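Keeping their order, the protein sequence lines are chains A, B, C and D. When the letters of the first sequence are read in order and numbered with the working numbering, they come out as residues 481 to 635. When the letters of the second sequence are read in order and numbered with the working numbering, they come out as residues 481 to 635. When the letters of the third sequence are read in order and numbered with the working numbering, they come out as residues 360 to 439. When the letters of the fourth sequence are read in order and numbered with the working numbering, they come out as residues 360 to 439. The beta carbon of each residue, even a glycine, is placed where N, CA and C say it ideally should be. None of these values were measured; they are calculated from a predicted model. Structure record follows, encoded as structure tokens.
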Amino acid sequence: MIRTAIVTRPIDASALIAEVASDTHGATSLFLGTVRDVNDGRAVTGMEYTAYDAMASRELAKIAGEAAEKFDDVMLVVEHRTGALALGDVSVAIAAAHAHRGHALDATRFVIEQLKKRVPIWKREHYVDGTREWIDPTTSHSANPTALDMQQAVR
Amino acid sequence: MIRTAIVTRPIDASALIAEVASDTHGATSLFLGTVRDVNDGRAVTGMEYTAYDAMASRELAKIAGEAAEKFDDVMLVVEHRTGALALGDVSVAIAAAHAHRGHALDATRFVIEQLKKRVPIWKREHYVDGTREWIDPTTSHSANPTALDMQQAVR
Amino acid sequence: MEVRVLLFASYADAFGAQNIAVDLREGATVKDLLAKVRELAAGHSLPPAPLIAVNQEYAAPGAVIRAGDEVALIPPVAGG
Amino acid sequence: MEVRVLLFASYADAFGAQNIAVDLREGATVKDLLAKVRELAAGHSLPPAPLIAVNQEYAAPGAVIRAGDEVALIPPVAGG
């Protein structure tokens, strides 16, 4: 069982856990990304997520399909939220259940890592001083070298 | 923030997530172990967990302390339930929050792996045919070689 | 042929538009498209090797663009 | 000295008791204790190298047991 979605409503983590639960899958792993109050030392008041919706949905479904290939029989649900989010709001949730705990944990990690590399979603931080800025993981202090790797990979 | 407990009441996963949540820790990882309906091909009706309570509490706290050393500034809550559990019931829950997603995920994995190796808790499966049997991970088909490694390690 | 190129996030801000029209010869590639976009006023704001999607899939520089394709310039992604 | 040894799960079932009393000489080690336990009727049911805890910590075979110590025979753990 696999389901992926880009949503504009709040994410209900408990509902995701219930969705992947099954008496045959003894290990459940959940990952939540939430909006932080500080990034690169700047005080954040909120976050605005925007996506290339059609492609983001496709890419997310593709990643889940790859996870299902790698982790046979995984139960997997992924939701990414877009729109205006407040501090502490959940932006992304990944729930994976499997008979083997290693696979449940690995599937969760695989999805979040791939999502961060490939899914066309962007975020703009709003700061205490009223300014706002698009986050570029390839140049920020918390640089994500994989984004560059990927640009090279498709070339 | 760290809290560990051996409990006899049902585990509330949402409460654990809320407990580790903080505006400074943008990544939350949750692991749940639940009672499966089949083990080594035998139909299971329920599971009975028993512990050497005092030592299990100590060992669990020690593992959490090691996680806090390895994953600086992690928020971590671990609960393991004992007593009679039904199919689908949560036997163990680990919630970890961290500013970095890799650390949140690694901390969760570290705790479950160490818990399975070191914490003196045992389980007896109840089968459809009315029989019941203590699970020995060192001899079952889903053998866990690490238990033996550990016996050697303390020698 | 005229190709409409979708823009998002920081690119949409830089170009002041959600999409731009680019005129390409038949058989033009992703690399050709990029050269055209760079000639525009906001073209200098693009990174050295921006990601491009054709029909909602990441495309290599040599990929040929056809009339009617859905083309998009993809800023560095930042989901999660 | 007499040491009380806690038993759990499959070991408690095998010995038919939650704990057993073992008589040890002063300076006896975990290894000595184990030899004594093996002499009991259910002693043969123990694995080749069972885990032993002294004062709620896993103990090496050479660890010395003192009067009043809390000693436990730990079956293969199966939490999670």
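Query                                                                                                                    : Result
Residues that Ala368(D) contacts on chain B, provided the C-beta gap is smaller than 8 Å                                 : Thr530, Trp602, Arg604 and Trp614
Contact list for Arg589(B) against chain A, beta-carbon separation under 8 Å                                             : Leu585
Presumed contact (8 Å Cβ cut-off) between Val381(C) and Lys395(C), rounded CB distance                                   : 5 Å
Reference Arg589(B); option with closest CA among Ala544(B), Glu539(B), Met527(B) and Ala536(B)                          : Ala544(B)
Exposure label - Glu546(A); buried when at least 16 CB within 10 Å                                                       : exposed
Members of the segment 395-416 of chain D that neighbour chain B once the beta carbon cut-off is set at 7 Å              : Ala408, Leu410, Ala412 and Gln415
Residues of the segment 374-385 of chain D whose Cβ lies closer than 8 Å to any Cβ of chain B, in chain order            : none
DSSP state of Val360(D) mapped onto helix, strand, coil                                                                  : The question names Val, but residue 360(D) is Met in the sequence shown. In this structure, Met360(D) counts as coil in the three-state DSSP scheme.
Cβ pair count under 8 Å reaching 3, the segment 552-563 of chain B against the segment 527-538 of chain B                : yes
Contact set between Ile592(B) and chain A, taken where Cβ atoms lie within less than 9 Å                                 : Ala507, Arg581 and Leu585
is_contact[Thr488(A), chain B] using C-beta, thresh 7 Å                                                                  : no
Beta-bridge pairing of Phe511(B) - partner residues as DSSP gives them                                                   : Ser509(A) and Ile574(B)
Per DSSP, cross-strand counterpart(s) of Val558(A)                                                                       : Thr484(A) and Ile574(A)
Unbroken beta strand (DSSP E) run spanning Val430(D), endpoints                                                          : Val430 to Ile433
Proximity of Ala575(B) and Leu512(B) at Cβ, strictly below 7 Å                                                           : no
Chain B residues whose Cβ lies nearer than 9 Å to that of Gly513(A)                                                      : Gly506, Ala507, Thr508 and Arg581
Minimum Cβ-Cβ distance from Arg516(A) to chain C less than 7 Å                                                           : no
Segment contact flag, the segment 425-437 of chain D with the segment 395-409 of chain D, C-beta cutoff 8 Å, min 3 pairs : yes
6 Å Cβ shell around Val557(A) - same chain, five flanking residues per side excluded                                     : Arg483, Leu496, Glu499, Val500 and Ala575
Amino acids of chain B, ordered along the chain, whose beta-carbon sits closer than 7 Å to that of Ile424(D)             : Here the premise fails: no neighbours, minimum Cβ distance about 15 Å.
CB of Met527(A) within 7 Å of CB of Pro600(A), strictly                                                                  : no
Proximity test, Cβ basis, 7 Å: Arg483(A) and chain C                                                                     : no
Neighbour flag for Thr525(B) against chain D, beta carbons, 7 Å                                                          : no
Straight-line gap, Gln377(C) to Thr508(B) (C-alpha atoms, nearest Å)                                                     : 34 Å
Nearest residue (CA-CA) to Leu365(D), options Val430(D), Gly439(D) and Gly438(D)                                         : Val430(D)
DSSP-derived helix/strand/coil call for Val370(D)                                                                        : Correcting the residue identity first, residue 370(D) is Tyr in this sequence and not Val. Three-state DSSP puts Tyr370(D) in a helix.
Contact with chain C by Lys596(A), beta-carbon distance below 7 Å                                                        : yes
Neighbour-count burial assignment, Pro617(A), 16 or more Cβ in a 10 Å radius                                             : buried
Heavy atom of the ligand FAD within 6 Å of Met535(B) beta-carbon                                                         : Here there are no bound small molecules, and the ligand FAD is not part of this structure.
For Met527(B), the residue or residues it bridges with in DSSP                                                           : Leu565(B) and Glu605(B)
Per-residue DSSP class, three states only, for Thr388(C)                                                                 : strand
Extent of the continuous beta strand (DSSP E) to which Val381(C) belongs                                                 : Asn378 to Asp382
Same chain, Cβ closer than 6 Å to Ile491(A), neighbours up to 5 away in sequence not counted                             : Glu559, Arg561, Val570 and Ala573
Minimum Cβ-Cβ distance from Gly438(C) to chain A less than 7 Å                                                           : yes
Per-residue contacts from Gly568(A) into chain B (C-beta, under 7 Å)                                                     : Ala501 and Asp503
Own chain, CB closer than 7 Å to Met360(D), minus 5 neighbours either side, in chain order                               : Leu383, Glu385 and Ala426
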